[in-house]
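Sequence positions in the sequence shown follow this note's numbering and run 14 to 97. Every residue, glycine too, gets a C-beta built ideally from N, C-alpha and C. Fair warning: this is a prediction, and the values are worked out from it, not measured in the lab.
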Amino acid sequence: MKKIRLEDYNPSMGILIDVQHPEDFKKNPTPSSKNIYADKLLLNYKVLLDYNQKYYIICNKGFLSQKVVAMLEYFGYNVTQVIR
Numbered sequence: 014m015k016k017i018r019l020e021d022y023n024p025s026m027g028i029l030i031d032v033q034h035p036e037d038f039k040k041n042p043t044p045s046s047k048n049i050y051a052d053k054l055l056l057n058y059k060v061l062l063d064y065n066q067k068y069y070i071i072c073n074k075g076f077l078s079q080k081v082v083a084m085l086e087y088f089g090y091n092v093t094q095v096i097r
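See below:
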């Protein structure tokens, strides 16, 4: 599993997705990220993601993002976990 720190992320690298619950995202948003809750993303990844795009996945504590990255990697997507 690829990992980077949030301070090393640059929007030119790919799309940053915060997988926190929308209520948590409202309280603690990640700048320049798109909020897609982990469950929604994993249930609809074929519709929400482009197989040829690079994605950077973040959450508040790292547990959800680790789960999402592991699953999307298994499905063949280019994903990296972002650590706060």
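Less than 9 angstroms divides the Cβ of Y69 from the Cβ of Q94. Using a 10 angstroms sphere on the CB of F38, the tally of other CB atoms reaches 16 or more, which defines it as buried. By the CB criterion at 9 angstroms, I30 and I71 fall inside the cutoff. The distance from the Cβ of M14 to that of K67 is about 14 angstroms, inconsistent with a contact at the 8 angstroms cut-off.
Taking C-alpha positions only, N73 is separated from I49 by approximately 13 angstroms.
Counting the other Cβ atoms within 10 Å of the Cβ of V60 gives fewer than 16, which makes it exposed. DSSP, reduced to helix, strand and coil, places L29 within a strand of the structure shown. For K74, there is no enclosing beta strand (DSSP E), as DSSP marks it with neither H nor E. Leaving aside the five residues that flank L19 on each side, the residues in its chain whose CB is nearer than 6 angstroms to its CB run, in chain order, V95 and R97.
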